[in-house]
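Undergrad: Structure incoming, see below.
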Amino acid sequence: MVNYYLRRTARIPLTILAVATLSFGLIRLLPGGPFTQLRVQLLRQGMDAEQVNARIEALQNIRPDAPLWQQYLDYIVGVFQFDLGRSISLNAPVMDVLARALPWTVFLVVTSTVLMFVVGVLIGAVQAYWEGSKFDKLASGGSIFLMSVPYYIFAVLFVFFLGYLWRVFPTGNAVARGVEAGLTVEYVASVLRHAALPILAFAIGGIGSTALNMRGNGIQVLGEEYVEVARLRGLSDGRIATRYVASNAILPMYTGLLLLIGFRLGGTVVLEQIFSYPGLGYYLISAVNANDYPLMMGCFLVITTTLVVAVYVADMTYGLIDPRISAGDSDGY
Amino acid sequence: MATESDSSSEDIDWRAEASSVEMSRRERLEEWYNRMIYEPALVAWSDVRTRLGILILSVYVLMAVMAVFGLWREPSPNQAERFLSPFQNWAYPLGATKSGVDLLALIIDSTPFILLMVLAGGVWATGVAVVVGTVSGYKGGTVDTVITSISDFFMSIPGLPLVIVLAIALSPENPILLGVILTINYWAGLGRSIRSQVLSIREESYVEAARTMGTSTPRIILKDVLPNIMPYVMVNFVLAARYTIFASVGLYFIGVLPYTGQNWGVTLNNAYSQGALFGMDTLYWLLAPILAIVGLAFGLILLSQGMDRIFNPRVRTRLTGESESVEEESSSSTTGMM
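Here it is in structure tokens:
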């Protein structure tokens, strides 16, 4: 068991190394090389070649005239020293920009995912318990409909109605301008007001499939013999509902949650763009539009690292929830 | 082939045997058709959701056919009145955009591209996932460890950011290539869940029996394992297709995929950025591409829900209230289906 945790922990740096390698490869793959455009621009401004190289080296932690393996080593060493180069468009270290953006993205993803999960599970559980009832049929139809609407459609409609038309909620930024950061009522209220629409849009998009999953699992568990036995033993309804039905129905969904985190973390790219919310996805797109390769690859790397850590946490807690998980070993044939 | 050969006495024997094999093969084919296509189709058609799903999807196929054969006018600027509201002029049922482009023409024109992309994405994602999942789950040992590590790596890369970076590097303009790129790492997660199902099927007695008899691994995977996970795969094919639509339209919408002609995401983007956002009277411009996207996804999901009902007898029997013996018999074959 301990061995499994050790191995699982050791995999994190390995995964990050692999992703960093991939991102280095992608930089090389990008059309014309990342800095061709910049180099041409600087040379045209009359800067001599050596200065241009020095400038580029400062922007991305790789020396443009070094052999490929040297560049690769420099890049990897830089990544593990938290040095991701300088952003061209924002003229600031990439790490600083991303350190400011990361909390907002995590805030969006975590809050909306928890909201989605709780509401979806509750609806699905009620549906499973009163299977075939009017509520069940209505909620099933609603869930199927919710599943077929992408989250950004909700986002666009929210911005349209609540943002522009009725002006109930702000349509950009994470806090109102001029509000001091800190644990003041004003600041927290402003943060919540700005995050309300993105969180709501992102949560609603996932409720449908969560509810349907929970309904399916719940129905299956309700039909199991041990629930019948528990009833015959005269256990209280509350105990049966939580200890027997809920825990066994939620378990299979927990593994799916791991996958979901990945999709949702990627999904903030579109979401943050619509709400001009200054998270990782927002900077990724602005970097793409500005041809700012250091910032772009930095965003990619940080989003991936966040996902690696999130999945790690989820993996570790899975053992706590499901005692049957035996260190992931299976005898091979 | 056999009828063209010469007529020696031995040959007649051989031919007779060949034809009997052919008969039985045809019978087997017929049986397979009955069991795998005809009967499920009957069940499917009896379910309202599947019926509705098929109807909705046929509308899209019809639209694609119209676009391919040029049965509706090509979208071009100034073909209609600017900001024409929908249902005002029946020559332009959905109205027109700011530059006077027929909205319905825009929607129809994009359909073949989207359908091709969706199909490519679904086939790629589920195809790779099935191969990876069955091999890794059934073989176990080193093969499993290697495959699982690789798919773990791909799972730890968030899809959309990767697609964005790849889209800049490759600027995919072909719908099939685009579909594959959009689902470039979708197979990893699906492969993992298929693997866990194969793990439990591997323990079933009939698979164990086949193994003891010395049946080859590919044969066991094809004959015993695959049919059991097929329902799950079909449902996930639809989900992968849905993901492809959502991802592509989302990325077109924020403008990171290269514009290749028209597309619902591009239409949505144009509506969004050219002022459809600021008043009720231009909302239709935003709603037309939204309806096209949601409609297609709705059709696909209805179909998958209905298919789930066909394939998942446990849910079905509980609903239709069939006898207990049927339920018991069927529940053993779907272990681990959830």
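Here the protein sequences come in this chain order: A and B. Residues 0 to 332 (numbering that gives the first Met the number 0) are what the first sequence spells out, left to right. Residues 0 to 337 (numbering that gives the first Met the number 0) are what the second sequence spells out, left to right. Using N, Cα and C, we set each Cβ at its ideal position, and we do this for glycine too. All values derive from a computational prediction rather than experimental measurement.
Please tell me whether residue 295 of chain A has its Cβ less than 8 Å away from any Cβ of chain B.
TA: Chain B contact via Cβ: present.
Undergrad: For residue 75 of chain A, which of A/19, A/115, A/105 has the nearest alpha-carbon?
TA: Among A/19, A/115, A/105, the Cα nearest to that of residue 75 of chain A belongs to A/19.
Undergrad: Between residue 338 of chain B and chain A, is there a C-beta pair that is closer than 8 Å?
TA: The displayed coordinates of chain B run from 0 to 337. Any statement about residue 338 of chain B would go beyond what the structure contains.
Undergrad: Consider the Cβ of residue 160 of chain B: report whether some Cβ of chain A lies at a distance smaller than 8 Å.
TA: It does; some Cβ of chain A falls within 8 Å.
Undergrad: Taking any Cβ of chain B, which residues in the segment 300 to 315 of chain A have a Cβ under 7 Å from it, in chain order?
TA: Residues 302, 303, 306, 307, 310.
Undergrad: For residue 85 of chain A, which beta-bridge partners are listed by DSSP?
TA: Paired residues: A/92.
Undergrad: Taking buried to mean at least 16 other C-beta atoms within 10 Å of its own C-beta, is residue 313 of chain B buried or exposed?
TA: With a pLDDT of 49 at residue 313 of chain B, under the threshold of 50, the modelled position of that residue is not reliable, and the figure given next carries that caveat. Counting Cβ neighbours within 10 Å, residue 313 of chain B comes out buried, since at least 16 surround it.
Undergrad: Can you list the alpha helix (DSSP H) stretches of 4 or more residues lying completely in the segment 179 to 249 of chain A, in chain order?
TA: 184 to 221, 224 to 231, all fully within the segment 179 to 249 of chain A.
Undergrad: Mapping the DSSP letters down to three states, classify residue 95 of chain B as helix, strand or coil.
TA: Of the three classes helix, strand and coil, the one that applies to residue 95 of chain B here is strand, per DSSP.
Undergrad: Between which two residues does the alpha helix (DSSP H) carrying residue 226 of chain B extend?
TA: Run containing residue 226 of chain B: 225 to 252, per the alpha helix (DSSP H) assignment.
Undergrad: I'd like to confirm the pairing. Which residues does DSSP put opposite residue 47 of chain A in its beta bridges?
TA: Bridge partners of residue 47 of chain A: none, in fact.
Undergrad: From the beta carbon of residue 269 of chain A, is the nearest beta carbon of chain B less than 8 Å away?
TA: Closer than 8 Å: yes.
Undergrad: Flag residue 271 of chain B as yes if its beta-carbon sits less than 8 Å from any beta-carbon of chain A, otherwise no.
TA: By this cut-off, residue 271 of chain B is an interface position.
Undergrad: Quick one, which residues of the segment 63 to 79 of chain B are near chain A if we go by CB-CB under 8 Å, in chain order?
TA: So nothing in the stretch comes that close.
Undergrad: What residues in its chain sit with their C-beta under 6 Å from that of residue 273 of chain B, if we drop five residues either side in the sequence?
TA: Same-chain partners within the cutoff: 97.
Undergrad: What would DSSP say about residue 101 of chain B, mapped onto helix, strand or coil?
TA: DSSP places residue 101 of chain B in strand when its eight states are reduced to three.
Undergrad: State yes or no: is the C-beta of residue 95 of chain B within less than 8 Å of the C-beta of residue 73 of chain B?
TA: Their beta carbons are not under 8 Å apart, which means residue 95 of chain B does not touch residue 73 of chain B by this criterion.
Undergrad: Under the three-state reduction of DSSP, which class applies to residue 52 of chain A: helix, strand or coil?
TA: In this structure, residue 52 of chain A counts as helix in the three-state DSSP scheme.
Undergrad: Let me know if residue 31 of chain B comes out buried or exposed under the rule of 16 or more other beta-carbons within 10 Å of its beta-carbon.
TA: When all chains shown are included, residue 31 of chain B counts as exposed.
Undergrad: By alpha-carbon positions, which one of A/120, A/106, A/126, A/151 ends up nearest to residue 271 of chain B?
TA: Taking only the C-alpha atoms, the option nearest residue 271 of chain B is A/151.
Undergrad: Using a threshold of 8 Å, state whether the C-beta atoms of residue 196 of chain A and residue 274 of chain A are closer than that.
TA: Yes; because the gap between Cβ atoms is below 8 Å, this pair is in contact.
Undergrad: Between residue 295 of chain B and residue 286 of chain B, what straight-line distance do the alpha-carbon atoms span, to the nearest angstrom?
TA: Cα to Cα, residue 295 of chain B sits roughly 14 Å from residue 286 of chain B.
Undergrad: For residue 106 of chain B, decide whether its Cβ has a neighbour in chain A, counting only Cβ atoms nearer than 8 Å.
TA: Not an interface residue.
Undergrad: Residue 118 of chain B CB to nearest chain A CB: under 8 Å?
TA: Answer no: the Cβ-Cβ gap between residue 118 of chain B and chain A never drops below 8 Å.
Undergrad: Which residue marks the beginning of the alpha helix (DSSP H) containing residue 267 of chain B, and which one marks its end?
TA: Start and end: 263 to 272.
Undergrad: Report yes if the C-beta distance between residue 264 of chain A and residue 306 of chain A is below 8 Å; otherwise report no.
TA: Cβ distance < 8 Å, so residue 264 of chain A and residue 306 of chain A count as in contact.
Undergrad: Check whether the Cβ of residue 315 of chain B lies closer than 8 Å to any Cβ atom in chain A.
TA: Low local confidence applies: a pLDDT of 42 at residue 315 of chain B is under 50, so the model's placement there is unreliable, with the coordinate-based value given in what follows. No, no contact with chain A.
Undergrad: For residue 190 of chain B, name the three-state secondary structure that DSSP assigns.
TA: Of the three classes helix, strand and coil, the one that applies to residue 190 of chain B here is helix, per DSSP.
Undergrad: Starting from residue 34 of chain B and walking both ways along the alpha helix (DSSP H), at which residues does that stretch end?
TA: Per DSSP, residue 34 of chain B belongs to no alpha helix (DSSP H) and is neither H nor E.
Undergrad: Can you tell me the Cα-Cα spacing of residue 50 of chain A and residue 42 of chain A, whole angstroms?
TA: Cα to Cα, the separation comes out at about 9 Å.
Undergrad: Can you tell me whether residue 315 of chain A is buried or exposed? The criterion is at least 16 other CB atoms within 10 Å of its CB, across all chains shown.
TA: With fewer than 16 Cβ atoms within 10 Å of its Cβ, residue 315 of chain A is classed as exposed.
Undergrad: Secondary structure at residue 314 of chain B, three-state DSSP: helix, strand or coil?
TA: Reliability fails at residue 314 of chain B, whose pLDDT of 44 lies under 50, so the model's placement of it is uncertain and the value that follows must be treated cautiously. In this structure, residue 314 of chain B counts as helix in the three-state DSSP scheme.
Undergrad: In three-state DSSP terms, what is residue 165 of chain B?
TA: Here residue 165 of chain B sits in helix by DSSP.
Undergrad: At the level of alpha carbons, what is the spacing between residue 291 of chain A and residue 312 of chain A?
TA: Going by the C-alpha atoms only, they are around 32 Å apart.
Undergrad: Straight-line CA distance for residue 146 of chain B to residue 130 of chain B?
TA: Approximately 11 Å, taken between the alpha carbons.
Undergrad: Counting pairs of Cβ atoms below 8 Å between the segment 208 to 217 of chain B and the segment 256 to 265 of chain B, do you hit three or more?
TA: Counting Cβ pairs under 8 Å, fewer than three are found: no touch.
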